[in-house]
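Residue numbering for the sequence shown follows the working numbering, beginning at 113 and increasing consecutively.
Worksheet for the structure shown next.
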Amino acid sequence: IRANGDTANKIGTYQLAISARHHGVRFMVAAPSSTVDLETPSGDAIHIEEREPTELLSLGGVRTAAELVEAWNPVFDITPHELVDVIVTERGVIERPDEAAMRIAFS
Numbered sequence: 113i114r115a116n117g118d119t120a121n122k123i124g125t126y127q128l129a130i131s132a133r134h135h136g137v138r139f140m141v142a143a144p145s146s147t148v149d150l151e152t153p154s155g156d157a158i159h160i161e162e163r164e165p166t167e168l169l170s171l172g173g174v175r176t177a178a179e180l181v182e183a184w185n186p187v188f189d190i191t192p193h194e195l196v197d198v199i200v201t202e203r204g205v206i207e208r209p210d211e212a213a214m215r216i217a218f219s
């Protein structure tokens, strides 16, 4: 979790946040406070680990996708703070997280 409330998590979290927003469901991030990094301003600065594209293009060592098909296989994605309604840690609850709210909660 970065200073502005952007959150890195397993791939698919961002699309769940978009879906929640679309359907009027609040989106909550629950995490230990040790994951909060106030030194990194936003999710833009997070390096996203990637796995081998062959994990998506092959099965049992045999390519199952057409030869010209390429793949990008990130392990994590970034959920922007604008899509996060609440962050919960053992230190408290931050409603509508932004940099000001995060600094108050974690400084």
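No residue lacks a Cβ here, since even glycine has one placed at the ideal position from N, Cα and C.
Buried or exposed by the 16-neighbour rule on C-beta atoms within 10 Å, applied to residue i
i      : result
Asp222 : The question about residue 222 has no answer, for the chain in this structure spans 113 to 219.
His193 : buried
Ile199 : buried
Ile123 : exposed
Gly155 : buried
Ile183 : According to the sequence displayed, residue 183 carries Ala and not Ile. Result: exposed.
Contact set for residue i: own chain, Cβ-Cβ below 6 Å, skip 5 residues either direction
i      : result
Val148 : Ile113, Phe218
Candidates the options, of which the one nearest residue i by Cα
i      : options                        : result
Arg138 : Pro153, Ser145, Asp197, Pro144 : Asp197
Met140 : Glu151, Leu128, Ser146         : Leu128
Ala157 : Ala212, Leu180, Ile190, Gly204 : Ile190
Glu162 : Arg208, Ala120, Pro186, Pro209 : Pro186
Glu202 : Glu182, Ala120, Pro165, Pro144 : Pro144
Tyr126 : Ala212, Leu195, Met214, Glu211 : Leu195
Coil, strand or helix - residue i by DSSP
i      : result
Ala183 : coil
Ile216 : helix
Own chain, CB closer than 8 Å to residue i, minus 5 neighbours either side, in chain order
i      : result
Asn121 : Val141, Phe188, Asp189, Thr191
Glu164 : Asn185
Same chain, Cβ closer than 7 Å to residue i, five either side skipped, listed in chain order
i      : result
Arg175 : Leu169
Glu167 : Asn185
Within-9 Å CB hit, residue i to chain C
i      : result
Ala129 : In the structure shown, chain C does not exist; there is a single protein chain.
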